[in-house]
Every structure is written in structure tokens, then in C-alpha cells.
Amino acid sequence: MFKSIFTKYMTTFMLIIIASFIMLASVISTMMVNYYSDASRDRLTSTAEAVRTLVQKRMDYTGTDTMRDYLTVNSNEVGAYFTVMTRYMDEDVSLFLTDNDGNILAFMGFADPEFGSKKVPADVMTAVGGSGYTGDGDLDGVLTVRRSILGVPVYKNGIQVGAVFACTTSSSLNQLMETTIKTIIMTCLWVLLATLIAVYFITERIVSPIKEMGKAAKSFAAGKFDVRVPVTGHDEISELAVAFNNMASSLADLENMRSTFLSNVSHDLRTPMTTISGFIDALLDGTIPPEKHEYYLRMIGDEVRRLSRLVAALLDVSRIQAGDRKFTMKAFDICEMARVILLSFEQKIDRKKLDVEFETDNENMYVWADRDAIYQILYNICDNAVKFSRDGGKYRIRIIEREKKVFVSVYNEGEGIKAEDVPHVFERFYKGDKSRGLDKTGTGLGLYIAKSIIDAHNEEIWVKSKYGEYCEFVFTLKKASDGQVKKAFAKPAGNGAD
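If you want our numbering, it's the position in the sequence shown, counting the first as 1, plus 3.
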């Protein structure tokens, strides 16, 4: 029943609004009844008091001793007084006067011609003789409808000789209540209509992007990553749409890298395997003469090693993604490691006649890291730098210390990296050299592995490049403390001279 967001929101708001208006109507009704009751009581009291005062003064003036005698002798006067009072009293206020026995002697505001023959109950007269009577009812049938009634005694020389009753119906209150309830209902209906319109536009603002995201998600499931969600506004829904589009872009990039990787790996696997297979067949069928066997066997060995490197890189990536690669932290000399790696490229450097620079703040600088992992990173970066350096270009390794960090930089002059490729060089399966003309042995995994290792050390790695001029890779390592260095080079106990 409540499947859509609009239905849920609308139902919730309608229930809240209706409940609020019901509570408001209840509070207003209670306040009106209380106010009307107090006002009616005050009005009846002032009316009854005024009539009692007049009757008592006229009885003293005329010398009559009972209410019946006064009203019999001065009936015209009382009638004239009642006529004047009707001009100033509310239409729903009625009066009647009784003797001590409750017999109605005069009345005003009653349409029943038999009203004068009725008698007020004795218990009511008793209450009047006490502190006065206040109540709601019909006086045991004396009144034809329920009324609010107030009775006060009339005295002659300190002795009660009768009573004055003032009463009123609740017709004014009923009319006021009816008007108020109608007003509240109409207001409630208008508010519900306004809420319906507002909720529609609000839910449409929320639901529309969600529907678009649903369509886009279905497109993603079908392998189409070019769909984007329109972004309007600057609220949370807009932020969600932006995040969704960013996710879509990441998925598209990942899919592109996956496709590129599969293409690269299939090429890198197929090429050496085809070469190996071709050479072996040629060796077996005698196509290659015996004197050239050694040459072609060396080529087969190179291709096997190339396959080995590719498989090792793939296994490394698999371990990193699974979180299975463990690191053993210890202190070691990063300058010494850099020198060893640099010397291993001596022949390649000589062939390209590179201008080599090796700069360090100190001859020995110790870092706290996994030695084998850092060797893998530095060797890969140095190998790339030599590989992509132009003949006669500058090749520099710089190691400096700043604020308990060691910065390792490898710089080379050469092709460099295109600006659009720089943000992606550390992504897995990414290889900027799409033509594969410059790098025939790389897999596009080395820098991703390097970034993963550096991240595991809670350090940073970045690249600066100007395409066609230079490229520089920089990464940081934690400087080893004196205690860590001493512990790393301490002689094991029991190895001293006898």
C-alpha cells in the first residue's frame, strides 16, 4: 500500500496535520467552554444581583412584607422594569422570581404560558437560602431545555422572602463552536492541499535523481558505463548524485584499465610463448643450424624470464589485493641500497651515455621500512628512469632528510609522462605507453605495486613530469631512530671471541 516515497510522506504529513488540528480544536473548544461558562456565570450573577437589589429596595419603599404582596401590588412597575431590562440583556437570558416555597410569581424570557404555574424544587430553594444556587439542568422539568441557572435570595429585614433566578441557554456557545469548528476544518483542508502540493514537489526532487540512479545502475549491470545522473542544486541529493557520477567514472576507468590489462597481459603472454614455441620447433626440426643453437637458446631464456617477471607481478598484485603480503620493518641504509641499484644499471647507463648525479645529505641515511619491499620499489623506478631516459640526458638520484622523513627522488630527462596520464600512473593495470613502442617488457603493474607498498608503510609517493622534457618520482620513508639503528647492527649475544 505504501510503496512509493510520495505515498509514505503524504500519509505521514496528513496524519500529523490532522492530529495537530484535532488537538488544536480540542484545546480551543475547552478554552471556549471554560471562558463562556465563566462569562455566563458572571453575567447571570450581575443580572440576578441587580434584580434582587431593585426588588429589595422597592419592597422597603412600598412597605410590603412578602414577594407575592409586592408583585401583586406593583405588577405594572415590575412589568415595566422587565421591559426595560430586555433592552440591555442578551436574548438568551431569562428571569423569574419565586417565593420561599418555590412558586413562580413573575418571569421574563419564557415563551411557555404555563411557566407561571410551575414550582421550583425544594432542594433548590434550600440551596438558594444558603449561599445561593448555581447549576446546569431543567430544575426537574420546570424548564423545557437545559440551562445554566443562578439563584440568589431576596431579603426583607434580614429574612428571606423569596428568590431571583437568572438562566441562559448555550445557543450562543453552540453557534460560536460551530463556526470555530468549520473554520478549523476549512483551514485543515487548505493546509492539507498545500501540503499535498509541497510534498509532491519535494518527493519529486528526491525521487527523480534516485530513479535516474536506478536506471544508471541497470546500465552499469549491462556493461554500459557512460550514463550519468543530472546534478541540480547543492543539497544532499545533489551530493549523492555527484558521488554516484564519480563512482560511475571510476567504474568506467576501472573497466577500461581491465580491458587494457587483459589486452596487455594476453599480448605479453602470447608473444614470448609464440617466440619460445617457434624457436623450439625450429631447433627440433633442424631449421636452425647447430652453430646458432646457443644464440636462440639465450633468446628462449630471455623470453622465459620475461614470462617469469609477468607471473611474479601478477602474483604480487594478487597478494596485495588480498592483504596477504606481510612486511618486516627494520632499519637499513637507503643510501647504500641506492648505490647498489645504481651500479646494477652501469652497462645500460653507459650505453645511453647518461649524465648521472647522486646527491645525499649524508653518506649513510637509515630508514625504518621493509628492506626487500623498498628495494623492489627503488629498483623498478630506477629501471624505468634508465629505460625512458634520452641518450645523453641527466639521470639523478637524490636522498634528503626533512622533519624525521627521508625523501627519495629519481629524476631523468627524456620522454616524460603526458599530463592526462599523470593522475593514473599508480593505478593497477594502467600503462601510459598505449603503443607499447617504448616499453616492450613492462606490464603496467610496477607502479601500482610501488604505491601499495608505500601506502602500507603509511608514507607517500608522487610524480612530477613535463612531457617531452623530464620525469621525477619521489617517495618518503620514516627515518629510523638511533635505537632502531643500534638494534639492527647489534651483534647477537654469544658471538664474541673466546
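For each residue, glycine too, the CB sits at the ideal point set by N, CA and C.
| Limits of the alpha helix (DSSP H) - the one that V76 falls within | For V76, the enclosing alpha helix (DSSP H) starts and ends at M70 to V76.
| Where the beta strand (DSSP E) through S455 begins and ends | Element bounds for S455: not the beta strand (DSSP E) but the alpha helix (DSSP H), G449 to A459.
| Is Q163 near N77, with beta carbons less than 8 Å apart? | Cβ distance not < 8 Å, so Q163 and N77 don't count as in contact.
| Given a threshold of 16 other Cβ atoms within 10 Å of its Cβ, counted over all protein chains shown, does L482 qualify as buried or as exposed? | Note that residue 482 is Lys in the sequence shown, not Leu. That one is buried.
| task | Go ahead and pull the three-state DSSP assignment for M332. | result | Three-state result, M332: strand.
| said: Helix, strand or coil, according to DSSP, for V428 in the structure here? | reply: Looking at V428 - three-state DSSP - the assignment turns out to be coil, as it is neither helix nor strand.
| request: Specify the secondary structure class of A500 as computed by DSSP and reduced to three states. | output: The predicted model places A500 with a pLDDT of 43, which falls under 50 and marks its position as unreliable; any figure quoted below should be read in that light. Residue state, collapsed to three classes: coil.
| said: Can you find the residues in the same chain that come closer than 7 Å, C-beta to C-beta, to K60, ignoring five residues on each side of it along the sequence? | reply: Same-chain partners within the cutoff: there are none.
| By the 10 Å Cβ neighbour count, where 16 or more other Cβ atoms means buried, how is I21 classified, buried or exposed? | Exposed, by the Cβ-count rule.
| message | Tell me the rounded alpha-carbon separation between R401 and I380. | response | Per the coordinates, the alpha-carbon of R401 lies some 15 Å from the alpha-carbon of I380.
| said: Let me check understanding here. Comparing Cα to Cα, which of R150, G133, S134 and G135 lies closest to D141? | reply: Selected option, being the one with the closest Cα: R150.
| request: Rounded to whole angstroms, what's the CA-CA distance from V157 to G165? Just pull it up for me. | output: Across the structure, V157 and G165 are spaced so that their CA atoms are roughly 5 Å apart.
| query | Where does S120 sit, in a helix, a strand or coil, going by DSSP? | reply | DSSP, read as helix, strand or coil, puts S120 in helix.
| query | Between the segment 129-143 and the segment 195-207, do at least 3 Cβ pairs fall closer than 8 Å? | reply | Output reads no: the segment 195-207 does not touch the segment 129-143.
| message | Quick check: the Cα distance between P364 and S253, rounded to an integer number of angstroms? | response | Looking at the sequence provided, one finds Asp at residue 364 rather than Pro. Those two C-alpha atoms are separated by around 41 Å.
| In its own chain, which residues sit with a C-beta less than 6 Å from the C-beta of F391, not counting the 5 before and 5 after it? | So the qualifying residues of the chain are G417 and E418.
| Could you check where the beta strand (DSSP E) with D288 kicks off and where it finishes? | Premise fails: D288 is in no beta strand (DSSP E) and is neither H nor E.
| said: Tell me the DSSP secondary structure of E404 in three-state form. | reply: In this structure, E404 counts as strand in the three-state DSSP scheme.
| task | Use the C-beta contact count for N249: other C-beta atoms within 10 angstroms, 16 or more gives buried, fewer gives exposed. | result | Looking at its Cβ environment, which holds fewer than 16 other Cβ atoms inside 10 Å, N249 is exposed.
| field | Three-pair Cβ contact test at 8 Å for the segment 322-339 versus the segment 358-377 | value | Taking 8 Å as the limit for Cβ pairs, the verdict is that the segment 358-377 does touch the segment 322-339.
| message | Quick check on the DSSP output: the alpha helix (DSSP H) that includes S347 runs from which residue to which? | response | Segment I337 to S347, the alpha helix (DSSP H) holding S347.
| field | Cβ-Cβ separation, F410 to V477 (assumed contact under 8 Å), whole Å | value | In this structure, V477 and F410 form a Cβ contact; the two beta carbons are roughly 6 Å apart against a cut-off of 8 Å.
| For L484, the three-state DSSP class (helix, strand or coil) | This sequence places Ser at residue 484; Leu is not what is there. It is coil, neither helix nor strand.
| Given K469 as reference, the closest of A453, E423 and M180 once Cα atoms are compared | Per the C-alpha coordinates, the member of A453, E423 and M180 positioned closest to K469 is E423.
| task | Confirm, please, whether the CB-CB distance from A453 to I384 is below 8 Å. | result | Cβ distance < 8 Å, so I384 and A453 count as in contact.
| message | So for R231, helix, strand or coil by DSSP? | response | DSSP places R231 outside both helix and strand once states are collapsed to three, so it counts as coil.
| Out of curiosity, what's the CA-to-CA distance linking M521 and S7? | It is not possible to answer for residue 521, since the shown part of the chain is limited to 4 through 501.
| said: Once DSSP output is grouped into helix, strand and coil, what is the label at R55? | reply: Three-state DSSP puts R55 in a helix.
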